[in-house]
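Chemist:
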Amino acid sequence: MLKFLDFDKKRDNYAEIVNNYDWTKDFSFLGFLREIGKHITVNYMIAKDSVKKRLDGGISFTEFSYQLLQAYDFLWLYRNKQCKLQMGGSDQWGNITTGTELIRRVEQGEAFALTCPLITKADGGKFGKTEEGNVWLDPEKTSPYKFYQFWLNTSDEDAERFIKIFTLFSKDEVEELVARHKEAPHERVLQNALAEHLTIMVHSEKDFNASVQASQILFGKGTTEMLRNLPENILTALFEGVPVFEINEALPEEGIMVVDFLAEKTKIFPSKSDARRTLKDNGVAINKRKINEHFIVSKKDLIKNKYILVQRGKKSYFLVIVRS
RNA sequence: GGGGAGAUUCCAGAGCGGUCAAAUGGGGCAGACUGUAAAUCUGUUGGCUAAGCCUUCGGAGGUUCGAAUCCUCCUCUCCCCA
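Read the first sequence against this note's numbering and you will find it ends at 808, with the numbers running on by one and no gaps.
Encoded structure:
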């Protein structure tokens, strides 16, 4: 959050996070009806799209009243924090305008609503916080490398929309990028621009560069030899964003079965069955080299005497560190 | 308070005494194609010491040679009436 908002109280218009529970918890039901309820007619509330659509199927009183509660939040913020603008997804439009209406009636004040359409993916996915495979801004939840990869992997269709929504490019710049992309789609101009700008904006230039480098090794023509020849400090820097597993014992002289290695020593696969399946499907590589079910992991697979790079499928990498 | 419907593997949803680790679809994972896309196609999707074995169909009991399927009780959810 600090990256996007300024919480410094010395500033004129500093950011502040509040909890609406603080001002609603002591507001009695009767008080609420008397002070807030009387200003808004049921007719007005029913007319809202969000309510109208639900009327046939049934809507609980709680849900119905929600818009009033949200309106009150806005009023409270207007009164106490000089808040004049409420932003939200387009489904919040009705609730927000009930708030502006309330402010107008009670305080003769002026407040504003800003909504944006729900962002969807081309495959229909919702891009919501509950959807699988989404990204977080927090590097603890989504590493810069993964974050970068996420944007790099967006489909053409999505990329064109996302670049308008998530970056600060001007209209002309966007149009130029789109044009260039259409000329040579395989160069993925849009995805690159998206990934670069967002990674730098959310994380940092340094993280961006590291992500690009890691990507080149991982997706480029990286070979076992290249991996072995990388200086250790570069190697570890490269895999900063890659999940790491540590094994606190030396590999036995005779090595261990890959299946045990993948599912027991590390948790790269949730079960041995799953590991075997993927191995059978030719989906696992160690140090950039595909392996099968009968592979034995041993000392000679260690890079710099302690690292092993495991690849599951095309895109998931894991770094295993063996501490002996 | 009265009446009815239901709870199945990640989700939706079949199954209604053996052939059920459980149809089908979605999602996930992997493979092919490719641009580290999309679309499409293929395989796979409980676990294990793996031609076998073990644990799953809301919970607890029971009937049976044998239960996701039948019976009893319990818990929860939904709908209708009051």
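Glycine included, each C-beta is placed from N, C-alpha and C at the ideal position.
Using only the alpha-carbon positions, how far apart do SER808 and ASN637 sit?
Modeler: The sequence position of residue 808 within the first sequence is 324, counting from 1. The sequence position of residue 637 within the first sequence is 153, counting from 1. If I take the Cα positions, the gap works out to 37 Å.
Chemist: Once you ignore the five residues that flank GLN576 on each side, which residues in its own chain have a CB closer than 7 Å to its CB?
Modeler: The residue given as residue 576 occupies position 92 in the first sequence. So the qualifying residues of the chain are THR599.
Chemist: Check each candidate in GLU644, VAL673 and LEU722 and name the one with the smallest Cα separation from SER695.
Modeler: Within the first sequence, the letter at position 211 stands for residue 695. Checking every option, the nearest Cα to that of SER695 belongs to LEU722.
Chemist: I'd like to know if the region 625–645 and the region 490–499 are in contact, where contact means that at least 3 CB-CB pairs between them fall below 8 Å.
Modeler: Short answer: they don't touch.
Chemist: Quick check on DSSP: helix, strand or coil for ALA734?
Modeler: Position 250 of the first sequence holds residue 734. Three-state DSSP puts ALA734 in coil, outside helix and strand.
Chemist: Give the range of the beta strand (DSSP E) segment to which LEU598 is assigned.
Modeler: Your numbering for residue 598 matches position 114 in the first sequence. 596–600 is the extent of the beta strand (DSSP E) around LEU598.
Chemist: For the alpha helix (DSSP H) containing ILE580, list its first residue and its last residue.
Modeler: Counting from 1 along the first sequence, the entry for residue 580 is found at position 96. Unbroken alpha helix (DSSP H) run through ILE580: 577–591.
Chemist: Are TYR562 and GLU519 closer than 8 Å when you measure CB to CB?
Modeler: Looking up residue 562 in the first sequence gives position 78. Looking up residue 519 in the first sequence gives position 35. Going by C-beta atoms, TYR562 is not nearer than 8 Å to GLU519.
Chemist: What residues in its chain sit with their C-beta under 7 Å from that of TRP507, if we drop five residues either side in the sequence?
Modeler: Residue 507 sits at position 23 when you count from the first residue of the first sequence. Cβ within range, chain order: TRP560.
Chemist: Taking buried to mean at least 16 other C-beta atoms within 10 Å of its own C-beta, is GLU615 buried or exposed?
Modeler: Reading the first sequence from its first residue, position 131 is the one you call residue 615. Only weak support exists for where GLU615 lies, its pLDDT of 46 falling under 50; the coordinates are left without a value.
Chemist: For SER757, which three-state DSSP category applies?
Modeler: The count along the first sequence starts at 1 and reaches residue 757 at position 273. DSSP places SER757 in helix when its eight states are reduced to three.
Chemist: Between the C-alpha atoms of ASP492 and VAL502, what's the straight-line distance to the nearest angstrom?
Modeler: By one-based count along the first sequence, residue 492 stands at place 8. By one-based count along the first sequence, residue 502 stands at place 18. ASP492 and VAL502: Cα-Cα distance of roughly 15 Å.
Chemist: From ILE775 to VAL768, what distance separates their C-alpha atoms?
Modeler: Numbered from its first residue, the first sequence carries residue 775 at position 291. Numbered from its first residue, the first sequence carries residue 768 at position 284. Approximately 6 Å between the Cα atoms of the pair.
Chemist: With DSSP as the reference, label ARG495 as helix, strand or coil.
Modeler: For this step, residue 495 is matched to residue 11 along the first sequence. Coil, per DSSP.
Chemist: Would you mind stating whether ALA643 and LEU621 have Cβ atoms separated by less than 8 Å?
Modeler: Counted from its first residue, the first sequence places residue 643 at position 159. Counted from its first residue, the first sequence places residue 621 at position 137. No, they are not a contact pair.
Chemist: Can you give me the Cβ contacts of ASP744 inside the same chain, cut-off strictly under 8 Å, excluding the 5 residues immediately before and after it?
Modeler: As a position in the first sequence, residue 744 is number 260, starting the count at 1. Answer for ASP744: LYS756, listed in chain order.
Chemist: Alpha carbon to alpha carbon, how far is LEU786 from ILE792?
Modeler: Start at 1 with the first residue of the first sequence, and residue 786 comes out as number 302. Start at 1 with the first residue of the first sequence, and residue 792 comes out as number 308. So the alpha carbons of these two residues sit roughly 5 Å apart.
Chemist: Does GLU809 pass the burial test, meaning 16 or more other C-beta atoms within 10 Å, or should it be called exposed?
Modeler: Nothing can be reported for residue 809: it is not among the residues displayed for the chain, which extend from 485 to 808.
Chemist: Return helix, strand or coil for GLN566, following the three-state DSSP convention.
Modeler: In the first sequence, the residue the question calls residue 566 occupies position 82. Coil, per DSSP.
Chemist: How big is the Cα-Cα spacing for ARG760 and GLY572?
Modeler: Here residue 760 refers to the residue found at position 276 when the first sequence is read from its first residue. Here residue 572 refers to the residue found at position 88 when the first sequence is read from its first residue. Whole-angstrom Cα-Cα distance: 46 Å.
Chemist: Mapping the DSSP letters down to three states, classify VAL535 as helix, strand or coil.
Modeler: If you number the first sequence from 1, residue 535 lands on position 51. Three-state result, VAL535: helix.
Chemist: Which one or two residues does DSSP pair with LEU803 in a beta bridge?
Modeler: Here residue 803 is taken as the residue at index 319 of the first sequence, counted from 1. Looking at the DSSP assignment, LEU803 forms a beta bridge with VAL728 and LEU793.
Chemist: With DSSP as the reference, identify every bridge partner of LYS774, one or two as the case may be.
Modeler: Mapped onto the first sequence, residue 774 falls at position 290. BP columns for LYS774 point to ALA769.
Chemist: Can you look up ILE649 in the DSSP assignment and give me helix, strand or coil?
Modeler: Counting from 1 along the first sequence, the entry for residue 649 is found at position 165. The answer is helix: DSSP assigns ILE649 an H, G or I state.
Chemist: How is GLY515 classed by DSSP in three states: helix, strand or coil?
Modeler: On the first sequence, position 31 is the one that residue 515 refers to. In this structure, GLY515 counts as helix in the three-state DSSP scheme.
Chemist: Verify whether the separation of the beta carbon atoms of LEU584 and GLN551 is less than 8 Å.
Modeler: Indexing the first sequence from 1 puts residue 584 at position 100. Indexing the first sequence from 1 puts residue 551 at position 67. It is Thr, not Leu, that sits at residue 584 in the sequence shown. Going by C-beta atoms, THR584 is not nearer than 8 Å to GLN551.
Chemist: Tell me which residue opens and which closes the alpha helix (DSSP H) that ILE684 is part of.
Modeler: Here residue 684 refers to the residue found at position 200 of the first sequence. Unbroken alpha helix (DSSP H) run through ILE684: 673–686.
Chemist: So, for MET529: in the same chain, excluding its five sequence neighbours on each side, which residues have a beta-carbon less than 8 Å away from its beta-carbon?
Modeler: Residue mapping note: residue 529 aligns to position 45 of the first sequence, counting from 1. Only VAL535, PHE548, GLN551, LEU552 and THR582 meet the Cβ criterion.
Chemist: Per DSSP, what are the beta-bridge partners of VAL781 in this structure?
Modeler: Translated into the one-based positions of the first sequence, residue 781 becomes position 297. According to DSSP, VAL781 bridges with ILE740.
Chemist: Grouping DSSP H, G and I as helix and E and B as strand, with all else coil, what is ILE718?
Modeler: Counted from its first residue, the first sequence places residue 718 at position 234. Reduced to three states, the DSSP call for ILE718 is helix.
Chemist: Buried or exposed: which applies to THR683, given that a residue is buried once 16 or more other Cβ atoms fall within 10 Å of its Cβ?
Modeler: Residue 683 sits at position 199 when you count from the first residue of the first sequence. Under this definition THR683 is a buried residue.
Chemist: By alpha-carbon positions, which one of GLU737, GLU660, TYR505 and ASN732 ends up nearest to THR750?
Modeler: Numbered from its first residue, the first sequence carries residue 750 at position 266. If we check each option's Cα against that of THR750, ASN732 comes out closest.
Chemist: Please classify LYS613 as buried or exposed, where buried requires at least 16 neighbouring CB atoms within 10 angstroms.
Modeler: Translated into the one-based positions of the first sequence, residue 613 becomes position 129. Note that LYS613 scores 43 on pLDDT, short of 50, meaning its location in the model is unreliable; the coordinates nonetheless yield the value given after this. With fewer than 16 Cβ atoms within 10 Å of its Cβ, LYS613 is classed as exposed.
Chemist: Note the first and the last residue of the continuous alpha helix (DSSP H) segment covering PRO628.
Modeler: If you number the first sequence from 1, residue 628 lands on position 144. First-last of the alpha helix (DSSP H) with PRO628: 628–636.
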